[in-house]
Every structure is written in C-alpha cells, then in structure tokens.
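Peer 1: Below are the structure tokens for one structure; questions will follow.
In the numbering used here, the protein residues as written are 1 to 115.
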C-alpha cells in the first residue's frame, strides 16, 4: 500500500477543502480541520444515543447494532415496502380516469355533430 506524507512549512490559512494537484490534474481533494479535536472519531453507544433522542422528545422505534451487517437493508425495506403499492395504484387510477375522459369526450363530440 502506498502512503503519502504531506508537511507544510506554514500552516494553511483556514480550514476547508483543498485540492492536491500534480501538474495539470487534480489527484484528490482533502479536508483540513482547524483543530485536531475535530478529527477525533468519538461515537455514542446505541443506548446513549437512544436516551439522548428520547430526552429531546423523539421516539426511537428500533435500535440497530453496528454489528448488524444488514442494517441498511432493514431500513430501506421497511420504508419502501408500502410506497411501491401506492405508485401502482395511482398509475392504474390515472389510466382509468384518462380512459373515462376520452370516452366522455368522444361521446359528446359525436352527439354534437349535425348532418
């Protein structure tokens, strides 16, 4: 695995996103923080996060552990289960409504024609 070590003589003027260039091409974009404390990855435990949400009035429906490899699949399947049915139902409803309007339009146009 290749590694790259960057060192600067002077600190960067401000925190933000910086492009790393080589000749005319951009190699990558990197984010630089003002303080190293911003880069520390500290996370809440599942129970701590749930209690914080509940203290602020949010209901926690289900707590997923980080060891659950199918967590994303559970969330997307739970949310998307009922939605596709509504789209199919609305498509059929609009199809029947369009057919009804076309039939009514044709019958009115035929009855209005004088010979």
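We treat Cβ as the ideally placed atom computed from N, Cα and C, and that holds for glycine.
Predicted model, so just to flag it, every value in this text is computed and none were measured.
Roughly how many angstroms lie between the CA atoms of residue 106 and residue 60, to the nearest whole one?
Peer 2: Straight-line Cα distance between these residues: approximately 55 Å.
Peer 1: With distance defined between alpha-carbon atoms, name the residue in 18, 5 and 4 nearest to residue 30.
Peer 2: Nearest option by C-alpha distance: 18.
Peer 1: Going by the CB atoms, is the gap between residue 15 and residue 32 shorter than 9 Å?
Peer 2: Cβ distance < 9 Å, so residue 32 and residue 15 count as in contact.
Peer 1: When the Cα atoms are used, what is the spatial distance from residue 115 to residue 98?
Peer 2: Interpretation of residue 115 is limited by its pLDDT of 49, a score under 50 that renders its predicted location unreliable; no figure is taken from the coordinates.
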